[in-house]
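In my numbering, the protein residues as written are 1 to 495.
For every residue, glycine included, the Cβ atom is placed at its ideal position computed from N, Cα and C.
Predicted, not measured: the structure shown is a model, and the values here were computed from it.
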Ligand SMILES: Cc1cc2nc3c(=O)[nH]c(=O)nc-3n(C[C@H](O)[C@H](O)[C@H](O)COP(=O)(O)OP(=O)(O)OC[C@H]3O[C@@H](n4cnc5c(N)ncnc54)[C@H](O)[C@@H]3O)c2cc1C
């Protein structure tokens with residue numbers, strides 16, 4: 001046991017998405033056992049981006065008991081079925097990484113083996129034609145269905161989301177303090193955090209501190225010097241410029257990720273506006289040029305001034321150090337290509353609640369938390385790198401760098417296995433499942449040289465019938481779906 005004292009007082013430093021997600025989950029689940037105080041500074045504000053999510057947010061909301069139409073009304077939210085990657089493999093070539101399942105799998109292997117044999121038989125149909133969510137996204141359609149289950153996530157206004165969670169958390173007894181954190185008081189002997197001292201002199205003592213203070217990591221790094229592992233040699237972007245625009249078309253049920261010369265642009269459609277941003281590498285593009293690129297690739301009038309954000313990809317060496325747990329940007333950052341940061345906050349929180357040190361802080365629990373957090377973020381990192389390294393673009397220094405840069409061994413193995421055999425395996429705890437890997441690998445032009453021989457259990461005619469039936473079924477289901485906009489209109493009227 002590192003620290004005998006039971007954990008009663010939890011102090012959250014920061015009130016961005018991470019801080020209020022932490023306050024909401026901890027107060028809802030453990031509120032009877034702990035007192036929670038959240039400190040935030042209006043003068044500093046939040047990062048103000050982070051508006052695209054992945055389906056795991058539904059589970060987080062389920063845990064909180066959040067009413068979906070109410071949440072969507074509060075955050076001007078829309079539905080998201082996946083991400084459209086445009087110009088990534090080569091200019092003019094697009095694919096969608098959807099949240100859905102592609103085709104059906106059999107004992108011998110996943111659907112890609114059947115699709116590959118189909119190609120050999122002349123059934124030259126895109127892999128995505130066998131995925132319901134992907135086809136619905138392309139058609140601009142959406143509905144929630146339980147059978148078959150629709151895999152979806154949300155686009156939402158980040159500022160409104162933090163506000164929504166604030167009122168939720170205050171309803172569960174979270175105390176909010178507005179003030180500027182100036183100092184973090186550490187115990188001389190143990191190095192544990194004893195208190196946070198505000199600019200006006202107030203002292204906020206606690207047993208466990210959650211660092212949600214953003215990139216700077218006020219507690220975990222500036223006070224505790226935990227250390228940072230830099231991944232910029234694998235994830236070359238380090239800057240973003242963001243701007244909001246008026247909507248000029250009904251919202252698409254997917255995020256757009258459009259590759260440009262030295263990075264990529266996001267478009268996130270909400271009910272009332274669109275979030276836009278350009279992610280780029282400052283070694284290859286100046287801030288001024290990035291701003292110009294963004295402003296000449298948006299639709300609708302701008303609603304905000306373009307805002308510049310600088311970051312470093314990588315992770316804190318320990319997400320949990322002594323009596324400090326870092327969440328959100330304070331624990332590390334992987335650029336937003338697959339909208340994974342908010343997910344990492346919720347999975348960190350679930351991990352923390354499972355290991356919560358109510359009876360005192362133990363090193364063995366800290367180690368387990370960090371082991372799981374490290375594995376999770378490394379898997380996400382590999383998946384993001386895949387999009388860059390599997391490009392065939394040679395039209396700029398940036399893309400030439402991405403094509404030839406070294407990649408982690410774990411990713412190189414995965415790509416080679418898929419390329420040579422069509423096989424993909426993922427660990428039980430990995431966020432991105434086989435469907436995600438196959439969609440992105442095939443989308444980026446990595447086509448396996450072989451398929452599983454067991455596919456030959458089906459005759460040519462049986463295989464052709466199987467593929468045609470799967471495709472037709474999906475086309476029929478998509479034809480019956482309402483438009484995304486019509487669904488939102490009807491759904492938001494529900495209580
Ligand atoms: C360009 C970009 C695009 C992104 N897009 C996505 C996306 O599409 N999907 C996704 O999941 N994630 C995305 N993210 C990540 C996402 O924005 C963050 O994970 C999320 O917003 C959580 O941020 P945070 O709460 O950790 O930090 P912040 O929003 O920076 O909040 C920090 C908080 O700490 C407070 N604070 C800081 N210093 C002090 C102080 N001295 N005293 C008192 N309070 C202080 C601030 O006031 C604020 O309340 C994106 C990030 C970037 C940079």
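Inset, instruction - Specify whether the stretch 77-84 and the stretch 136-156 touch according to this definition: at least 3 beta carbon pairs, one from each stretch, less than 8 angstroms apart. - result: Because the criterion of three Cβ pairs below 8 angstroms is met, the stretch 77-84 and the stretch 136-156 touch.
Legend entry - Cβ separation of residue 255 and residue 83, assumed to be a contact under 8 angstroms, to the nearest whole Å: Indexing the chain shown from 1 puts residue 255 at position 255. Indexing the chain shown from 1 puts residue 83 at position 83. That pair is a contact at about 5 angstroms.
Legend entry - Environment of residue 203 [buried if 16+ CB atoms lie within 10 Å]: On the chain shown, position 203 is the one that residue 203 refers to. Residue environment analysis places residue 203 among the exposed positions, since fewer than 16 neighbouring C-beta atoms fall within 10 angstroms of its C-beta.
Legend entry - Contact test: residue 431 Cβ vs ligand 2 heavy atom, cutoff 6 angstroms: Among the ligands present in this structure, namely ligand 1, ligand 2 is not found.
Inset, instruction - Could you tell me whether the stretch 24-38 touches the stretch 317-331, where touching means 3 or more Cβ pairs closer than 8 angstroms? - result: No contact exists between the stretch 24-38 and the stretch 317-331.
Inset, instruction - Please check the pair residue 304 and residue 243, which I expect to be a contact at CB under 8 angstroms, by giving their CB distance rounded to whole angstroms. - result: Translated into positions along the chain shown, residue 304 becomes position 304. Translated into positions along the chain shown, residue 243 becomes position 243. Contact check for residue 304 and residue 243: beta-carbon distance about 6 angstroms, within the 8 angstroms limit, so the pair qualifies.
Inset, instruction - Closer than 7 angstroms by C-beta to residue 487: which residues in its own chain qualify, once you throw out the five before and the five after it? Chain order, please. - result: Looking up residue 487 in the chain shown gives position 487. Only 142, 143 meet the Cβ criterion.
Inset, instruction - Return the residue from the list 356, 108, 237, 267 that minimises the CA-CA distance to residue 452. - result: Looking up residue 452 in the chain shown gives position 452. Nearest option by C-alpha distance: 108.
Legend entry - Selection from 340, 209, 331 that minimises the alpha carbon distance to residue 324: By one-based count along the chain shown, residue 324 stands at place 324. The residue with the shortest Cα to Cα distance from residue 324 is 209.
Legend entry - Contact check, residue 361 vs residue 315, beta carbons under 7 angstroms: What you label residue 361 is simply residue 361 of the chain shown in a count that begins at 1. What you label residue 315 is simply residue 315 of the chain shown in a count that begins at 1. No.
Inset, instruction - Output the distance between the C-alpha atoms of residue 216 and residue 280, rounded to the nearest integer angstrom. - result: Within the chain shown, the letter at position 216 stands for residue 216. Within the chain shown, the letter at position 280 stands for residue 280. Taking the straight line joining both Cα atoms gives about 20 angstroms.
Inset, instruction - Return the CA-CA distance between residue 63 and residue 168, expressed in angstroms with no decimal places. - result: Position 63 of the chain shown, counting from 1, holds the residue named residue 63. Position 168 of the chain shown, counting from 1, holds the residue named residue 168. In a straight line, the C-alpha of residue 63 is about 13 angstroms away from that of residue 168.
Inset, instruction - Name the one or two DSSP bridge partners that residue 166 has. - result: Position 166 of the chain shown holds residue 166. For residue 166, which the question treats as bridged, DSSP gives no partner whatsoever.
Inset, instruction - Look at the Cβ atom of residue 22, then the Cβ atom of residue 211, and state whether they are nearer than 7 angstroms. - result: For this step, residue 22 is matched to residue 22 along the chain shown. For this step, residue 211 is matched to residue 211 along the chain shown. No, these two residues do not count as a Cβ contact at 7 angstroms.
Inset, instruction - Taking only runs that begin and end inside the stretch 183-238, name each unbroken beta strand (DSSP E) of 3 or more residues, in chain order. - result: Within the stretch 183-238, the complete beta strand (DSSP E) runs of at least 3 residues are 193-198, 203-205, 208-211, 228-230.
Inset, instruction - Report yes if the C-beta of residue 402 is less than 6 angstroms from at least one heavy atom of ligand 1; otherwise report no. - result: Taking the chain shown and counting its residues from 1, the one referred to as residue 402 is at position 402. Incorrect: residue 402 has no Cβ contact closer than 6 angstroms to ligand 1.
Legend entry - Rounded C-alpha distance that separates residue 274 from residue 8: As a first step, residue 274 must be located in the chain shown, where it is residue number 274. As a first step, residue 8 must be located in the chain shown, where it is residue number 8. Straight across, the Cα-Cα distance linking residue 274 with residue 8 is about 42 angstroms.
Inset, instruction - Please check the pair residue 289 and residue 245, which I expect to be a contact at CB under 8 angstroms, by giving their CB distance rounded to whole angstroms. - result: Mapped onto the chain shown, residue 289 falls at position 289. Mapped onto the chain shown, residue 245 falls at position 245. Not confirmed; about 20 angstroms, so no contact.
Inset, instruction - Name the two residues that bound the continuous alpha helix (DSSP H) containing residue 265. - result: Translated into positions along the chain shown, residue 265 becomes position 265. First-last for residue 265: 263-269, but that is the beta strand (DSSP E), not the alpha helix (DSSP H).
Legend entry - Range covered by the alpha helix (DSSP H) that runs through residue 418: Here the question's residue 418 lines up with position 418 in the chain shown. Under the DSSP assignment, residue 418 falls in the alpha helix (DSSP H) whose first and last residues are 409-421.
Legend entry - residue 484 versus 445, 335, 269, residue with shortest Cα-Cα distance: As a working mapping, residue 484 is identified with position 484 in the chain shown. Selection 445, 335, 269 evaluated against residue 484 yields 269 as nearest (Cα-Cα).
Inset, instruction - Return helix, strand or coil for residue 503, following the three-state DSSP convention. - result: Because residue 503 is not part of the residues shown, which for the chain are 1 to 495, the question remains open.
Inset, instruction - Find out if the Cβ-Cβ distance for the pair residue 418, residue 448 is shorter than 7 angstroms. - result: Position 418 of the chain shown, counting from 1, holds the residue named residue 418. Position 448 of the chain shown, counting from 1, holds the residue named residue 448. Yes, the pair counts as a contact, with Cβ atoms nearer than the cut-off.
Inset, instruction - Report yes or no: do the stretch 133-142 and the stretch 42-52 share at least 3 C-beta pairs separated by less than 8 angstroms? - result: The stretch 133-142 is not in contact with the stretch 42-52.
Legend entry - Residue environment, residue 128, which counts as buried when at least 16 other CB atoms sit within 10 Å: By one-based count along the chain shown, residue 128 stands at place 128. Counting of Cβ neighbours within 10 angstroms places residue 128 among the buried residues, the total reaching 16 or more.
Inset, instruction - May I ask you to list the residues that DSSP assigns as paired with residue 35? - result: Indexing the chain shown from 1 puts residue 35 at position 35. Answer by DSSP bridge pairing, in chain order: 9.
Inset, instruction - Count the C-beta pairs between the stretch 87-104 and the stretch 383-400 that are closer than 8 angstroms, then say yes if the count reaches three, no if not. - result: Enough Cβ pairs lie closer than 8 angstroms, so yes.
Legend entry - Under 7 angstroms between C-beta atoms of residue 310 and residue 239: For this step, residue 310 is matched to residue 310 along the chain shown. For this step, residue 239 is matched to residue 239 along the chain shown. Yes, the pair counts as a contact, with Cβ atoms nearer than the cut-off.
Legend entry - C-beta contact flag for residue 130 and residue 470 at 7 angstroms: For the purposes of this step, residue 130 is taken as the residue at position 130 of the chain shown. For the purposes of this step, residue 470 is taken as the residue at position 470 of the chain shown. Yes.
Inset, instruction - Starting from residue 120, trace the alpha helix (DSSP H) both ways and give me its first and last residue. - result: By 1-based counting over the chain shown, the position of residue 120 is 120. Start and end: 111-120.
Inset, instruction - State yes or no: is the C-beta of residue 38 within less than 7 angstroms of the C-beta of residue 174? - result: Counted from its first residue, the chain shown places residue 38 at position 38. Counted from its first residue, the chain shown places residue 174 at position 174. For residue 38 and residue 174, yes; Cβs fall inside 7 angstroms.
Inset, instruction - Name the residue from 65, 205, 293, 489 whose alpha carbon lies nearest to the alpha carbon of residue 177. - result: For this step, residue 177 is matched to residue 177 along the chain shown. Proximity to residue 177 across 65, 205, 293, 489 peaks at 205, based on C-alpha coordinates.
Legend entry - Presumed contact (8 angstroms Cβ cut-off) between residue 165 and residue 181, rounded CB distance: What you label residue 165 is simply residue 165 of the chain shown in a count that begins at 1. What you label residue 181 is simply residue 181 of the chain shown in a count that begins at 1. The Cβ separation is near 20 angstroms, so there is no contact.
Inset, instruction - Have a look at the DSSP bridge pairing and note the partners of residue 402. - result: As a working mapping, residue 402 is identified with position 402 in the chain shown. Its beta-bridge partners do not exist; DSSP assigns none.
Legend entry - Terminal residues of the beta strand (DSSP E) in which residue 175 lies: Position 175 of the chain shown holds residue 175. 175-178 is the span of the beta strand (DSSP E), which, as asked, contains residue 175.
Inset, instruction - Could you spell out the range, first to last residue, of the alpha helix (DSSP H) harbouring residue 374? - result: If you number the chain shown from 1, residue 374 lands on position 374. From DSSP, the alpha helix (DSSP H) with residue 374 extends over 363-389.
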